[in-house]
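Chain order of the listed sequences is H and P. In terms of our numbering, the first sequence has 817 at position 1, counting the first letter as 1, and numbering is strictly consecutive. In terms of our numbering, the second sequence has 921 at position 105, counting the first letter as 1, and numbering is strictly consecutive. Where is the CB? At the ideal position from N, CA and C, for every residue including glycine. Nothing here was measured: the structure is a model prediction, and the numbers come from that model. Here's the structure, in structure tokens; my notes come after.
2 protein chains.
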Amino acid sequence: MSEGEQDGRLLRGARSRQTVVRHAVDVASVDGLDGLSFGRLAADLGISKAGIQTLFGTKENLQLAVGEGARELFAEAVLRPAANQPPGLSRLTALIERWLDYAGKPLFPGGCFWAANLPVFDSKPGPVRDLLVRQQQAWRELLAGELRHIAEIDAEITAFQIDAVLTAANIALRLGDHAAADTARRTVERLLPERTAG
Amino acid sequence: MSEGEQDGRLLRGARSRQTVVRHAVDVASVDGLDGLSFGRLAADLGISKAGIQTLFGTKENLQLAVGEGARELFAEAVLRPAANQPPGLSRLTALIERWLDYAGKPLFPGGCFWAANLPVFDSKPGPVRDLLVRQQQAWRELLAGELRHIAEIDAEITAFQIDAVLTAANIALRLGDHAAADTARRTVERLLPERTAG
DNA sequence: AAACTAAACATACGGTCGTACGTATTTATT
DNA sequence: AATAAATACGTACGACCGTATGTTTAGTTT
């Protein structure tokens, strides 16, 4: 096989895996990574249960692949658009706005993927929990990194607080509180220094 | 039957129900209300699966009884001790301290019962979700009620913020961040007016 | 052309689940 | 003493679960 080409069998498998993962992320955002099952996914997608098992092997591997898929979708929807902004307050504001969009509009029908699954796995040691924790820490560290560009602020504590407010807003949105996004915005504004012109 | 007496059959059932619920609350704080099952509880307690089914009927009824049991334990551990304090900042501080104790020490081995279950049921309409939502709203309204005794504060927004921080601290504690309680305390202090003497 | 690999499927196994039904057993009512 | 009610248990049923095994098909390598 020459350098730039691909193995068609692996390509086919990767495509199938992606199809399954994309749907499984939606399922897991509502029913949790626990609620996933080979049979359910197979029925939803009209393929065989054994075929899905071939692609992922074990349920834990499926959960890990779904977590990874959610990570990529999250990065695409929240991180990448904000990366255009200059570091500091601008990028931070963009991250928060994109995050509220992400939680509100049903990119995932069950709301924030991490908020739905971390509380379930925080007491269950294993690679799935590790993946969720890594994602959570990376997100908070990203917030803290932007906050360090802003003077007069304790970056770690403020990052903790912003993350807490966003997570609470996600649940409030799930419960039908349409004003939750605005409440979160006003709450976050109080945590940051007065908005400077420009 | 005279007035003050009880039906011994109902008494016996109530005792059995309480035994099952007390253990089921622990299970549900770790594995969620979804993770409950008649068989699992029966094996844990050394009684028959059918006996538990007799006491609760359906799984949903079991979940509702467990939610109600958790509500009582929560009230006993957090609300009642704080009720001794005078309304306002004192009682609010007491509530927060008791809550942090409640989340840290394993009253429930899985941490805060509501934080573990609300994110799972927020997308599943039904009486279980309704119970969890009612508890959540009552807790936030309780915080807001105390905050209204404090001048210069938007009670609703601050209650939202305090609840958000406590919930985030609960998860951080579950993930091994032993400093989370202190972080939460410092965060909450910044939300309140300067501490006055006495 | 032959050997090999990955994907997809059909089938089967033991296990747990929620629920239903029949039957003692204990307690209360009549 | 006879009837009724609530608890407790044993058993059974269909459904789904995760996993294992063997087979067929598509694509690659030698």
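**Prompt:** Among H:Ile868, H:Gly883, H:Asp850, H:Val949, which one has its Cα closest to the Cα of Arg990 of chain P?
**Reply:** For the purposes of this step, residue 990 of chain P is identified with residue 174 of the second sequence, where counting begins at 1. Residue H:Val949 is the option with its Cα nearest to Arg990 of chain P.
**Prompt:** Measuring CB to CB, does Arg1001 of chain P end up less than 8 Å from Ile973 of chain H?
**Reply:** Taking the second sequence and counting its residues from 1, the one referred to as residue 1001 of chain P is at position 185. Taking the first sequence and counting its residues from 1, the one referred to as residue 973 of chain H is at position 157. No, Cβ-Cβ distance for Arg1001 of chain P and Ile973 of chain H is not below 8 Å.
**Asked** For Asn986 of chain P, which residues of its own chain have a beta-carbon under 7 Å away from its beta-carbon, when the five flanking residues on both sides are left out?
**Response** Here residue 986 of chain P is taken as the residue at index 170 of the second sequence, counted from 1. Excluding sequence neighbours, Asn986 of chain P sits near Ala919, Gly927, Cys928, Ala931.
**Message:** Restricting to Cα atoms, I'd like to know which of H:Gly961, H:Leu880, H:Ala996 is closest to Pro903 of chain H.
**Reply:** For the purposes of this step, residue 903 of chain H is taken as the residue at position 87 of the first sequence. Closest option to Pro903 of chain H, Cα to Cα, is H:Gly961.
**Asked** Using the rule of at least 16 other Cβ atoms within 10 Å of the residue's Cβ for burial, across every protein chain shown, is Asn933 of chain H buried or exposed?
**Response** Taking the first residue of the first sequence as 1, we reach residue 933 of chain H at position 117. Asn933 of chain H is buried by the Cβ-count criterion.
**Request:** With 8 Å as the threshold, decide whether the Cβ of Pro902 of chain P is near any Cβ in chain H.
**Result:** Mapped onto the second sequence, residue 902 of chain P falls at position 86. No, its Cβ sits nowhere closer than 8 Å to a Cβ of chain H.
**Request:** Consult DSSP for Leu991 of chain P and reduce its assignment to one of helix, strand or coil.
**Result:** Counting from one through the second sequence, the residue named residue 991 of chain P turns up at place 175. Residue state, collapsed to three classes: coil.
**Asked** Taking any Cβ of chain P, which residues in the region 831 to 858 of chain H have a Cβ under 9 Å from it, in chain order?
**Response** Ser845, Val846, Asp847, Gly848, Asp850, Gly851
**Request:** Using beta-carbon positions only, say whether Ala980 of chain P and Ala984 of chain H come within less than 8 Å of one another.
**Result:** Locating residue 980 of chain P in the second sequence gives position 164, counting from the first residue. Locating residue 984 of chain H in the first sequence gives position 168, counting from the first residue. In contact: Ala980 of chain P and Ala984 of chain H (Cβ atoms closer than 8 Å).
**Prompt:** Taking the alpha helix (DSSP H) that Ile868 of chain H falls in, what are its first and last residues?
**Reply:** Reading the first sequence from its first residue, position 52 is the one you call residue 868 of chain H. Start and end: 865 to 872.
**Request:** Could you tell me whether any Cβ in chain H is nearer than 8 Å to the Cβ of Arg1001 of chain P?
**Result:** Looking up residue 1001 of chain P in the second sequence gives position 185. With 8 Å as the cut-off, Arg1001 of chain P does not count as an interface residue toward chain H.
**Message:** Given this structure, state the Cα-to-Cα distance separating Phe976 of chain P from Glu913 of chain P, to the nearest angstrom.
**Reply:** Locating residue 976 of chain P in the second sequence gives position 160, counting from the first residue. Locating residue 913 of chain P in the second sequence gives position 97, counting from the first residue. Going from the Cα of Phe976 of chain P to the Cα of Glu913 of chain P covers about 17 Å.
**Request:** Sort H:Ala899, H:Thr835, H:Asp847 by Cα distance to Ala858 of chain H and report the nearest one.
**Result:** Numbered from its first residue, the first sequence carries residue 858 of chain H at position 42. For the residues H:Ala899, H:Thr835, H:Asp847, the minimum Cα distance to Ala858 of chain H belongs to H:Thr835.
**Prompt:** Rounded to the nearest angstrom, how far is the Cβ of Phe885 of chain H from that of Val837 of chain H, given a contact under 8 Å?
**Reply:** The residue labelled residue 885 of chain H in the question sits at position 69 within the first sequence. The residue labelled residue 837 of chain H in the question sits at position 21 within the first sequence. According to the sequence as given, residue 885 of chain H is Gly; it is not Phe. Between Val837 of chain H and Gly885 of chain H the Cβ distance is about 4 Å, and since that is below 8 Å, they are a contact.
**Which of helix, strand or coil DSSP assigns to Ile969 of chain P** = Start at 1 with the first residue of the second sequence, and residue 969 of chain P comes out as number 153. Ile969 of chain P falls in the coil class under three-state DSSP.
**Asked** Taking Cβ-Cβ distances shorter than 9 Å, what residues in chain H pair up with Ala984 of chain P?
**Response** The residue labelled residue 984 of chain P in the question sits at position 168 within the second sequence. Going along chain H in sequence order, the residues near Ala984 of chain P (Cβ under 9 Å) are Phe976, Gln977, Asp979, Ala980, Val981, Thr983, Ala984.
**Prompt:** Given that a residue counts as buried once 16 or more other Cβ atoms are within 10 Å of its Cβ, and exposed if not, what is Thr870 of chain P?
**Reply:** By 1-based counting over the second sequence, the position of residue 870 of chain P is 54. It is exposed - the Cβ of Thr870 of chain P has fewer than 16 other Cβ atoms within 10 Å.
**Item:** Contacts around Arg945 of chain P, its chain only, beta-carbon distance under 6 Å, and the 5 residues preceding and following it disregarded
**Value:** Taking the first residue of the second sequence as 1, we reach residue 945 of chain P at position 129. Correct list, in chain order: Phe937.
**Asked** How about Leu958 of chain H: is its C-beta nearer than 8 Å to some C-beta of chain P?
**Response** As a first step, residue 958 of chain H must be located in the first sequence, where it is residue number 142. No, Leu958 of chain H does not count as interfacial toward chain P.
**Prompt:** How about Arg961 of chain P: is its C-beta nearer than 8 Å to some C-beta of chain H?
**Reply:** Along the second sequence, read from residue 1 onward, the residue named residue 961 of chain P stands at position 145. Reading off the sequence, residue 961 of chain P comes out as Gly, not Arg. Not closer than 8 Å to any Cβ of chain H, the Cβ of Gly961 of chain P fails to qualify, so no.
**Request:** Could you name the residues of chain H that Val949 of chain P contacts, counting a contact when the two beta carbons are closer than 8 Å?
**Result:** Your numbering for residue 949 of chain P matches position 133 in the second sequence. Within 8 Å Cβ-Cβ: Leu991.
**Prompt:** Is Leu934 of chain P close to chain H, meaning its C-beta is less than 8 Å from at least one C-beta of that chain?
**Reply:** Looking up residue 934 of chain P in the second sequence gives position 118. Judged by the 8 Å Cβ criterion, Leu934 of chain P is in contact with chain H.
**Asked** Secondary structure at Thr1012 of chain P, three-state DSSP: helix, strand or coil?
**Response** For the purposes of this step, residue 1012 of chain P is taken as the residue at position 196 of the second sequence. Note that Thr1012 of chain P has pLDDT 49, beneath the 50 cutoff, so the model's placement of it is unreliable and no number is given.
**Request:** Would you mind sorting Thr887 of chain H into buried or exposed? The rule is 16 or more other CB atoms within 10 Å of its CB.
**Result:** For the purposes of this step, residue 887 of chain H is identified with residue 71 of the first sequence, where counting begins at 1. Here the sequence assigns Arg to residue 887 of chain H, which means Thr is not the residue at that position. Buried, since its Cβ has 16 or more Cβ neighbours within 10 Å.
**Close beta carbons around Leu963 of chain P, own chain, < 7 Å, minus the five adjacent residues each side** = Reading the second sequence from its first residue, position 147 is the one you call residue 963 of chain P. Within the same chain, Leu963 of chain P has close Cβ partners Leu908, Ile969, Ala971, Thr974, Ala975.
**Prompt:** Residue ranges of each alpha helix (DSSP H) run of no fewer than 4 residues wholly in the region 907 to 951 of chain H, ordered along the chain?
**Reply:** 929 to 937
**Message:** For Leu905 of chain H and Lys921 of chain H, what's the separation of their Cα atoms in angstroms?
**Reply:** On the first sequence, residue 905 of chain H is found 89 positions in, with the first residue counted as 1. On the first sequence, residue 921 of chain H is found 105 positions in, with the first residue counted as 1. Approximately 24 Å, taken between the alpha carbons.
**Message:** Please list, in chain order, the chain H residues whose beta carbon lies closer than 8 Å to that of Ala931 of chain P.
**Reply:** In the second sequence, the residue the question calls residue 931 of chain P occupies position 115. Within 8 Å Cβ-Cβ: Pro935.
**Assigned exposure category for Gln822 of chain H - 16 Cβ within 10 Å defines buried** = Counting from 1 along the first sequence, the entry for residue 822 of chain H is found at position 6. Exposed: under 16 other Cβ atoms inside 10 Å.
**Asked** Does the beta-carbon distance from Leu852 of chain H to Leu827 of chain H come in below 8 Å?
**Response** Stepping through the first sequence from its first residue, residue 852 of chain H is reached at position 36. Stepping through the first sequence from its first residue, residue 827 of chain H is reached at position 11. In this structure, Leu827 of chain H does not lie closer than 8 Å to Leu852 of chain H by Cβ.
**Asked** How about Gly926 of chain P: is its C-beta nearer than 8 Å to some C-beta of chain H?
**Response** Against the second sequence, residue 926 of chain P aligns to sequence position 110. It does: the Cβ of Gly926 of chain P has a partner Cβ on chain H nearer than 8 Å.
**Item:** Chain-order list of residues whose beta-carbon lies under 6 Å from that of Gln901 of chain H (same chain, five-residue window excluded)
**Value:** To locate residue 901 of chain H, count along the first sequence from 1; it is residue 85. Excluding residues within five positions, the ones whose Cβ falls inside 6 Å are Arg907, Ala910.
**Request:** Kindly indicate the opening and closing residues of the alpha helix (DSSP H) around Pro897 of chain P.
**Result:** On the second sequence, residue 897 of chain P is found 81 positions in, with the first residue counted as 1. Element bounds for Pro897 of chain P: 896 to 899.
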